[in-house]
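First the structure, in the form of C-alpha cells, and then the observations on it.
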Amino acid sequence: MDEEKISEEERFATTTSYHGWAHIYDGNNGRMTKIIWMILVILATAACISQCIIIIYNASKLPTRMVIRKQLMNTSIFPSVTLCNTNDYDRSALPAADLYHQSALVKAIYGSGDPNKTNAAINYFDKKFGGNFQFENLTRVAGHKLSNMLLSCTWMEQPCYATDFVNIITDGGSCFTFNPGTGNLSLKNETVSGNSNGLRLILNVEQYKYYSGIFALEQPDAGIRFTTHYYKQTPNFISKSYYAPTGFHTYVPITLQHDKRLKKPWGQCGEEILVYNSFYSRDACLSEYAGRLASYICNCTFEPQIASNPCNGTQFLTCITPLASKFRQDLSQNLSICPIACETYSYPTEISQSALAALAFASSLDPLINVSGIIANAKANNWIAPNQSYFAADFIRDNIVYLDIYYSDLHLTQTLQEEDTGFSKIISELGGQLGICIGASALTICEIVQYLIKKCFASNKKSKSDKSSTNTISLGHDKKPFETTTVTNIDL
Numbered sequence: 011m012d013e014e015k016i017s018e019e020e021r022f023a024t025t026t027s028y029h030g031w032a033h034i035y036d037g038n039n040g041r042m043t044k045i046i047w048m049i050l051v052i053l054a055t056a057a058c059i060s061q062c063i064i065i066i067y068n069a070s071k072l073p074t075r076m077v078i079r080k081q082l083m084n085t086s087i088f089p090s091v092t093l094c095n096t097n098d099y100d101r102s103a104l105p106a107a108d109l110y111h112q113s114a115l116v117k118a119i120y121g122s123g124d125p126n127k128t129n130a131a132i133n134y135f136d137k138k139f140g141g142n143f144q145f146e147n148l149t150r151v152a153g154h155k156l157s158n159m160l161l162s163c164t165w166m167e168q169p170c171y172a173t174d175f176v177n178i179i180t181d182g183g184s185c186f187t188f189n190p191g192t193g194n195l196s197l198k199n200e201t202v203s204g205n206s207n208g209l210r211l212i213l214n215v216e217q218y219k220y221y222s223g224i225f226a227l228e229q230p231d232a233g234i235r236f237t238t239h240y241y242k243q244t245p246n247f248i249s250k251s252y253y254a255p256t257g258f259h260t261y262v263p264i265t266l267q268h269d270k271r272l273k274k275p276w277g278q279c280g281e282e283i284l285v286y287n288s289f290y291s292r293d294a295c296l297s298e299y300a301g302r303l304a305s306y307i308c309n310c311t312f313e314p315q316i317a318s319n320p321c322n323g324t325q326f327l328t329c330i331t332p333l334a335s336k337f338r339q340d341l342s343q344n345l346s347i348c349p350i351a352c353e354t355y356s357y358p359t360e361i362s363q364s365a366l367a368a369l370a371f372a373s374s375l376d377p378l379i380n381v382s383g384i385i386a387n388a389k390a391n392n393w394i395a396p397n398q399s400y401f402a403a404d405f406i407r408d409n410i411v412y413l414d415i416y417y418s419d420l421h422l423t424q425t426l427q428e429e430d431t432g433f434s435k436i437i438s439e440l441g442g443q444l445g446i447c448i449g450a451s452a453l454t455i456c457e458i459v460q461y462l463i464k465k466c467f468a469s470n471k472k473s474k475s476d477k478s479s480t481n482t483i484s485l486g487h488d489k490k491p492f493e494t495t496t497v498t499n500i501d502l
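Here it is, written out as C-alpha cells:
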C-alpha cells in the first residue's frame, strides 16, 4: 500500500503543470536539492495565496477610477446666465411710505430688524395689498427693471433685447435669465469662441436709485451679481455667484464641464424626486427640502404659486426665512437626503477685469443713453445732490458694468467615474498571480482536484480493506479450537 501511495504522488508530481513538484520527486536530485525545491514551492505557493487574497479583498471594496476626456466641438449650447442688481430694491419703484416700511422688512431678513417695526410694515403692506401680502411679489415690483438697466445687448455680434430674458425671483432678489430654454426662447448655441462671439452686455446698475434706508451693510456692493448654470438647473446665488463691479469691463471666459458619477454601491450619487423642480440638482434639493421642513414647522407652504396654504408676509419673514437658512446649512452636510447628482454640467471660469476708459467712453455713451439727461433727472429727484459736480465720467465709474461671457474654446471636458474592477479583471489578476508564482492555470487547479479525489478514494479503499482483513483474522481465531479438536478413543 505504501508503494501505491508513493507511486500516486510521483505520478502527480511528474505530470502536473504545478511547477516545482517534479524537482522534489526527481530521482536524479540529491536530498539537499529536493529540500531546496520543497522550500521554493512552499514560498511560491504562500506568495500566490497572499496575493490572491489581496486581489479579492481589493475587489470587495468596489474601487473606481476617474477617466478624463476632452472633445473638440463645432458648436456648444450656451449656458443660462442669470444676473441681478446687487441692490435689491429701486427707490423710484415705491412711494416714500413704502420705502420706509420696506427698510424694516430688509433689516428683518438680515436679523437686525425691530420686531415692532417689522410687524407694522407687514400690516401696512397687508392693508395695501388687500390682506394678501406676498414678499416675493413685493420684491418683483420693487426690484430694478431690466428695461431700465440694459443699455446694450449683443449675442454672437447680433443684437439682443430685454425680451430675450425672463424675470425670476431667487436668493439674489429679482433677477433676469438669458437663454432659459423655456417658452418661446429657444436655446442658443455658440459656434465661434472668443469674447466678441458670446454674450456682451452694457448695464446701468442705477446706483443713484439705491436707497440708504434699504441698503444693507451685509451687501455693500454696487454692480451686477451673476451666475452661469445649465439651462435645466435653478441658479444658485448662495455658493456659485460672481460679481461684476461698476466702472470695469469684466471678462468671463467659460468652458463646458460634464461629470458623470456612479450610483451605489460603486459611488455616492443619486437622485430624489423633487416637487417644485423637474430636473434634479443638489442645490435644488437642498433648497426644496429646507423650505418644506420650514413650511411644516411654520404651518404654511413657501411656494405660493402652487400651495393651497401659502405663507403670508409675516410667516415668510419671521419663520420661513430663518428656518430655511438653518435647515439648508444642516442638510448640506448630509448626502443621504440630498445626494450628489449623477450627471452635472458646470462652466468653470477665470474672471479678469480692466477699468473702463471713462473719459473716452463717456463721449460714446452719452449719445446712446443720454447720460446728461439721467444725471439731471437724478438731481431733480435729489438722488444726486443738486449742487454736486457730477459728469459723464463719474456716471460711468459709479453705474456702468461692461460684461462679456463667452466660451474660451469649444471643447467639452468629460469626467467619468467608472468601475475599476469586474469579473474578467479579477480572473485575469488571479491568473497572473498563479502563473507568475507557480506556473499554474485553471487546468492546474483541475489536476490538483483530481489528485485530491484520488487520494480520498484511495484512503477510503485502504480503510475498508484494513477493516475487512481485521474481521477475517478475528473470525479465524474464534473457530480454531473447534477446527483443531480431535477425539481420542481409549480401550478399557
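Just so you know, we're using the working numbering here: the sequence shown kicks off at 11 and counts up by one.
Beta carbons: idealized from backbone N, C-alpha and C, even for Gly.
Mind checking residue i: buried by the 16 CB within 10 Å criterion, or exposed?
| i | result |
| --- | --- |
| residue 134 | buried |
| residue 331 | buried |
| residue 24 | exposed |
| residue 153 | buried |
| residue 289 | exposed |
| residue 27 | exposed |
| residue 298 | buried |
| residue 463 | exposed |
| residue 128 | buried |
| residue 301 | buried |
| residue 3 | What the structure shows of the chain is the stretch from 11 to 502, and residue 3 is not part of that stretch, so it cannot be assessed. |
| residue 396 | exposed |
| residue 493 | Legend: pLDDT at residue 493 = 46, less than 50; position of this residue unreliable, no value from coordinates given. |
| residue 169 | exposed |
| residue 467 | exposed |
| residue 409 | buried |
| residue 22 | buried |
| residue 188 | buried |
| residue 340 | exposed |
Within 8 Å (strictly less), CB to CB, does residue i reach chain C?
| i | result |
| --- | --- |
| residue 157 | The question asks about chain C, but that chain is absent: this structure has only one protein chain. |
Compute the Euclidean distance between the alpha carbons of residue i and residue j, then round it to the nearest angstrom.
| i | j | result |
| --- | --- | --- |
| residue 374 | residue 363 | 20 Å |
| residue 237 | residue 439 | 48 Å |
| residue 183 | residue 207 | 29 Å |
| residue 261 | residue 126 | 46 Å |
| residue 460 | residue 268 | 54 Å |
| residue 199 | residue 130 | 50 Å |
| residue 115 | residue 107 | 13 Å |
| residue 271 | residue 180 | 28 Å |
| residue 15 | residue 36 | In this predicted model, residue 15 has a pLDDT of only 48, less than 50, meaning its place in the structure is not dependable enough to derive any value. |
| residue 369 | residue 377 | 14 Å |
| residue 100 | residue 156 | 12 Å |
| residue 10 | residue 337 | In the structure displayed, the chain extends from 11 to 502; residue 10 sits before or after that span and is not available. |
| residue 431 | residue 333 | 45 Å |
| residue 216 | residue 305 | 36 Å |
| residue 87 | residue 74 | 30 Å |
| residue 371 | residue 385 | 16 Å |
Would residue i pass as a contact of residue j if the rule is Cβ separation under 8 Å?
| i | j | result |
| --- | --- | --- |
| residue 291 | residue 351 | yes |
| residue 252 | residue 231 | no |
| residue 83 | residue 421 | yes |
| residue 30 | residue 57 | no |
| residue 93 | residue 185 | yes |
| residue 90 | residue 286 | no |
| residue 72 | residue 276 | yes |
| residue 201 | residue 85 | yes |
| residue 209 | residue 415 | yes |
| residue 296 | residue 342 | yes |
Would you mind reading off the limits of the alpha helix (DSSP H) that contains residue i?
| i | result |
| --- | --- |
| residue 111 | 106 to 119 |
| residue 439 | 433 to 448 |
| residue 363 | It is not in any alpha helix (DSSP H) - residue 363 instead sits in the beta strand (DSSP E) that spans 362 to 365. |
| residue 29 | Careful: residue 29 lies outside any alpha helix (DSSP H) and carries neither H nor E. |
Is there at least one non-hydrogen atom of the ligand ZN closer than 7 Å to the beta-carbon of residue i?
| i | result |
| --- | --- |
| residue 435 | As for the ligand ZN, it is missing from this structure, which has no ligand bound. |
Span of the beta strand (DSSP E) holding residue i?
| i | result |
| --- | --- |
| residue 157 | Where residue 157 is concerned, there is no enclosing beta strand (DSSP E), although the alpha helix (DSSP H) it sits in stretches over 156 to 159. |
| residue 355 | 353 to 356 |
| residue 176 | 175 to 180 |
| residue 254 | 252 to 255 |
| residue 296 | Unbroken run through residue 296 is the alpha helix (DSSP H), 292 to 308; no beta strand (DSSP E). |
| residue 403 | Taken as a continuous stretch (DSSP letters only), residue 403 belongs to no beta strand (DSSP E), being part of the alpha helix (DSSP H) at 402 to 409. |
| residue 191 | No beta strand (DSSP E) contains residue 191, which DSSP labels as neither H nor E. |
Assuming the contact rule is C-beta atoms closer than 8 Å, residue i and residue j should be a hit. Round their C-beta distance to whole Å, please.
| i | j | result |
| --- | --- | --- |
| residue 143 | residue 322 | 6 Å |
| residue 436 | residue 69 | 5 Å |
| residue 235 | residue 96 | 5 Å |
| residue 259 | residue 366 | 6 Å |
| residue 79 | residue 424 | 5 Å |
| residue 359 | residue 263 | 6 Å |
| residue 161 | residue 379 | 5 Å |
| residue 411 | residue 213 | 4 Å |
| residue 279 | residue 349 | 6 Å |
| residue 47 | residue 34 | 5 Å |
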